[in-house]
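In our numbering, the protein residues as written are 2 to 317. Glycine included, every Cβ here is placed at the ideal spot set by N, Cα and C.
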Amino acid sequence: MAIRVTQHQLTQKMLTSMRERMAEQSKYNDQILQETRIFKPSDDPLGTSKLLGVDNKQRRLDEYKSTVTQAKSWMESTHQELDKTSGIWKRISELAKQANNGVRNQDDQETISRELDQLIQDLVEAANGKHNGEYVFGGSQTRSAAFQAEMSSDGQQITGVFYQGDSRVREVKTAESGRLKTSILGSNSSNPNQKGVFIDSNEDINLFSTAIELRNRTQSNNLIGAGEIGGIIDKIDAAAKNITSTQSRLGASIQSLELDRKAIQQQNADIDIYRRDITSIDRAELLIKLTEINNSYQAALASSVRLMQQGLLKFI
């Protein structure tokens, strides 16, 4: 039995074909403009699955990058405070050796004593160094000063310095290094398994008490004779080595973070390449398809015009 196709059915079929051609044309134009061929999962289910994996890895790398950036900034601030400490301690060492060689008169001795007073204050300031408002040498106690100075009755001199932080060393998880220590303890008095830079109970090092002892000796009425403070100088030398060792450890950690940063940078570059491989378009091929679609659309348009003309003639 023959199926009769009406004029209306032919027209609807032609319009549907034209709409499909227009949708294809819009799709390929968008791909060319956006330089990607995937806008929704149905465009390429396998490619979409790969992109989801890439996006997850990208998010992890972004977290690692943020961690590395913050940790590196913290450690660089710590290193600056250690540099200050090293400079202060070097001057204290020079004054100690000068005094040990024999002070010529009371004025010289008082001059050394006054400078030591200032250096001790500078030392406490460095020990309470901050990064973005947080104290870097207090372990996990970053909101309060790592060290508290005890003053003389007249408030003019520091007579003692006490640690107020804890023994928790900050660590971060990074992309390549796993876990990395990023903080330096001001004191290890509550945990001898760690290293302290200003106070280290394992090495019998206390920068503050040593500097205060030296200052007190220079304040005495009796002039210091040659070789009288050799014991203090030994303590100063041991503390200097500890500062240098701490600087080296911190420098190595900063270098490790820099390697992590470069590794993350390279992985990000690799991800960008992989993402482009998944979503890349062939511009020349798309232009050919657009030409074919446009020709098909024009042909459908011409056919629809003829159908409408035929229908109009029959109506007349």
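task: Out of Gln26, Ser50, Ser43, point me to the one whose CA is closest to Arg276's CA.
output: Ranking the options by Cα distance to Arg276, first place goes to Ser50.
- prompt: Under a Cβ-count criterion, where at least 16 other Cβ atoms within 10 Å of its own Cβ denotes burial, should Ser67 be classed as buried or exposed?
  reply: Label assigned to Ser67: exposed.
task: Out of Asp273, Leu83, Leu120, Ile294, state which residue places its alpha-carbon closest to the alpha-carbon of Gln158.
output: Distances from the CA of Gln158 to each of Asp273, Leu83, Leu120, Ile294 were compared; the closest alpha carbon is that of Leu120.
task: Kindly give me the distance between the Cβ atoms of Ile295 and Leu62, rounded to whole angstroms, as I take these residues to be in contact under 8 angstroms.
output: The sequence given here has Asn at residue 295, not Ile. That pair is no contact at about 43 angstroms.
query: In angstroms, rounded to a whole number, what distance separates the CA positions of Ala212 and Asp238?
result: Rounded to whole angstroms, Ala212 to Asp238 spans 12 angstroms at the Cα level.
Whole-angstrom C-beta distance between Leu258 and Leu181, which should lie under 8 angstroms: Rounded, the Cβ-Cβ distance is 7 angstroms, consistent with contact.
- prompt: Are Ser87 and Arg216 closer than 8 angstroms when you measure CB to CB?
  reply: Cβ atoms of Ser87 and Arg216: not closer than 8 angstroms.
message: Looking at the secondary structure, which residues open and close the beta strand (DSSP E) in which Asp201 lies?
response: Looking at the DSSP string, the run of the beta strand (DSSP E) that includes Asp201 is 197 to 201.
Distance between beta carbons of Tyr164 and Ser141, contact taken as under 8 angstroms: Not confirmed; about 13 angstroms, so no contact.
message: Along the chain, where does the beta strand (DSSP E) containing Arg180 start, and where does it finish?
response: Residues 179 to 182.
message: So the candidates are Phe148, Phe40, Asp201, Arg20; which of them puts its Cα closest to the Cα of Gly161?
response: For the residues Phe148, Phe40, Asp201, Arg20, the minimum Cα distance to Gly161 belongs to Phe148.
field: Per-residue DSSP class, three states only, for Thr37
entry: When secondary structure is reduced to three states using DSSP, Thr37 falls in the coil class, being assigned neither helix nor strand.
- prompt: Among all the DSSP beta bridges, which residues are the ones paired with Ala150?
  reply: According to DSSP, Ala150 bridges with Val162.
message: On the criterion of 16 or more Cβ atoms from any shown chain inside 10 Å, does Met76 qualify as buried, or is it exposed?
response: Around the CB of Met76, 16 or more other CB atoms lie within 10 Å, so the residue is classed as buried.
query: Looking at the structure shown, is Val170 part of a helix, part of a strand, or coil, going by DSSP?
result: Secondary structure of Val170 (DSSP, three-state): coil.
query: What do you get for Gln318, buried or exposed, if any count of 16 or more other CB atoms within 10 angstroms of its CB means buried?
result: A question about residue 318 goes unanswered here, because the residues of the chain that appear run from 2 up to 317.
Alpha-carbon spacing of Ala127 relative to Lys58, whole angstroms: Roughly 40 angstroms separates the two Cα atoms.
- prompt: Per DSSP, what kind of secondary structure is Ser221 in: helix, strand or coil?
  reply: Collapsing the DSSP output to three states places Ser221 in coil.
- prompt: Mind pulling the alpha helix (DSSP H) runs of 4 or more residues that sit fully within the stretch 42 to 114?
  reply: Here the runs fully enclosed are 46 to 101.
message: Count Cβ pairs between the stretch 192 to 208 and the stretch 239 to 258 that sit closer than 8 angstroms; are there 3 or more?
response: Contact annotation: the stretch 192 to 208 touches the stretch 239 to 258, with at least three C-beta pairs closer than 8 angstroms.
- prompt: With which residues is Glu135 paired in a DSSP beta bridge?
  reply: In the DSSP output, where bridge partners are listed per residue, Glu135 has His132.
task: Please confirm if Ile255 has its CB atom under 8 angstroms from at least one CB of chain D.
output: Any reference to chain D falls outside this structure, which holds one protein chain only.
query: Comparing alpha-carbon positions, which option in Glu214, His80, Thr143, Lys263 lies nearest Leu96?
result: Residue Glu214 holds the alpha-carbon nearest to the alpha-carbon of Leu96 among Glu214, His80, Thr143, Lys263.
- prompt: Shortest alpha-carbon distance to Ser74 belongs to which of Thr292, Ala24, Gly166, Gly134?
  reply: Ranked by Cα distance from Ser74, the first of Thr292, Ala24, Gly166, Gly134 is Gly134.
task: Hey, could you find the ends of the alpha helix (DSSP H) Gly232 is sitting in?
output: Where Gly232 is concerned, the enclosing alpha helix (DSSP H) starts and stops at 231 to 280.
task: Can you have a look at Arg38 and say buried or exposed, based on whether 16 or more other CB atoms are within 10 angstroms of its CB?
output: Buried.
query: With a CB to CB cut of under 6 angstroms and the five nearest residues on each side skipped, what residues in its chain are close to Lys85?
result: Once the five neighbours on either side are set aside, the close Cβ partners of Lys85 are Ala127.
query: Alpha carbon to alpha carbon, how far is Asp278 from Leu47?
result: Asp278 and Leu47: Cα-Cα distance of roughly 13 angstroms.
task: Evaluate Ser210 with the Cβ neighbour count: other Cβ atoms within 10 Å of its Cβ, from every protein chain shown; 16 or more gives buried, anything less gives exposed.
output: With a threshold of 16 other beta carbon atoms within 10 Å, Ser210 falls short and is exposed.
query: In whole angstroms, what separates the C-alpha of Leu251 from that of Ile89?
result: Between Leu251 and Ile89, the C-alpha separation is close to 19 angstroms.
query: In this structure, does DSSP put Asn30 in helix, strand or coil?
result: Asn30 falls in the helix class under three-state DSSP.
query: Expressed to the nearest angstrom, what Euclidean distance is found between the alpha-carbon atoms of Asn194 and Asp108?
result: Rounded to whole angstroms, the separation of the alpha carbons of Asp108 and Asn194 is 45 angstroms.
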